[in-house]
Amino acid sequence: MQTARDVLTPDALAMLQAIDEAGSFAGAARTLGVVPSALTYRVRQIEDALDVLLYDRSARQVRLTAAGAELLREGQRLLHEIDTVANRVRRVATGWESQLTVALDGIIHRTTAMELCKSFFTLGAPTRLKLREETLAGTLEALTSGQADLAIGVVLEPNNMAGLHAKPLGTVGFVYAVAPHHPLASAPEPLSDEQLKAHRAVAVADTAQRSGGLTIGLLAGQDVFTVATMQAKLDAQLRGLGGGFLPECMARPHLEAGHLVIKQTERPPRVARVSYAWRSGTPRQQGHALQWWLRQLENPATRAALLAPVQGRF
């Protein structure tokens, strides 16, 4: 009888992923260019070797059992690890990463980030560049989970985490802002928690998947309108759909134009220290692409521009 090591090959894990994405054995068979019976046979081999059922065959559609769902999750992680090892080998051979993923928090200035990407592409490097938009704890989690190589706009304290390096990007002040036609716009200041609680808050969903994420400026029992990005939060507050704390650098152009109004609250002003972070390693262990980005971030003007007033963001 075959063992788990015999059947849990990268091809087998990729097959399970294909079945999940296609939603059926027949669809996966078409994608992989094999007959459905061949897929069924290979799945049976895995089930026999592990002595578990991976799929509930009583349903019309393919439905994973709890054991099957766990194998799929772990299989995806293992496939990612294999890709990571391959990338490390290529980096050792050439010095350039095959791909560099940069996680950008929603407060990072889009134009500046794109200008950095443009400068990177002029190098003609063999490294593919990938940007991820993250929020709050999700920005750091993208780095610690291996989904990003560099995180810009981290609002936590990455230096407290083993295996990471971090440097300050700057500070970001937050202001409580509402649209001029919002009920709180004409309310006497400072606004109390009870006044804030009586009105809907606009919040950005933390993109962290593994941790509980961060909640900033929300009150227990308050009505909350949750949006996906910082830009969406700004748009919602401009439309008077709620109030909330915004990065001052993001709100400033709209405050100057009269589209938002700052309201003083009884809560003390909040200032966040923002960092950029990457996984530990000597310069020799780092790829050329990461080294290039870290050199750009050493420039004070670049760091300031990444936290500039919004002119278009992710």
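Quick note on our numbering: the sequence shown kicks off at 1 and runs consecutively.
Glycine included, C-beta positions come from ideal geometry on N, C-alpha and C.
For arginine 273, the CB contacts under 6 Å within the same chain, skipping 5 residues up- and downstream, are Thr171 in chain order. Leucine 169 sits away from aspartate 193, with the two beta carbons spaced by 9 Å or more.
Within the region 237–314, the runs of beta strand (DSSP E) that reach at least 3 residues and sit entirely inside it are, in chain order, 244–247, 270–279.
Taking a 10 Å sphere around the C-beta of serine 58, we find fewer than 16 other C-beta atoms and assign the residue as exposed. A Cβ-Cβ separation of about 14 Å leaves glycine 75 out of contact with tyrosine 55 under the 8 Å criterion. Taking one beta carbon from each stretch, the region 114–132 and the region 284–298 have 3 or more pairs nearer than 8 Å; the two touch. Counting C-beta atoms within 10 angstroms of its own C-beta, arginine 303 has 16 or more neighbours from the protein chains shown and is therefore classed as buried. With 16 or more other Cβ atoms from the protein chains shown falling within 10 Å of its own Cβ, glycine 242 counts as buried. When C-alpha distances from glutamine 231 are compared across Val224, Asp83, Cys249, Asp223, the shortest belongs to Cys249. In the DSSP assignment, alanine 203 forms a beta bridge with Thr226.
Serine 186 has its alpha-carbon roughly 44 Å from the corresponding atom of alanine 148.
Looking only at Arg77, Ser119, Ala198, Arg295, the smallest Cα-Cα distance to proline 183 is reached by Ala198. The Cβ atoms of alanine 179 and leucine 116 lie no closer than 9 Å to each other. Taking C-beta separations shorter than 7 Å and ignoring five residues to either side along the sequence, the partners of serine 275 in its chain run Val154, Pro158, Ala166, Lys167, Pro168, Leu169, following chain order. Counting C-beta atoms within 10 angstroms of its own C-beta, lysine 118 has fewer than 16 neighbours from the protein chains shown and is therefore classed as exposed.
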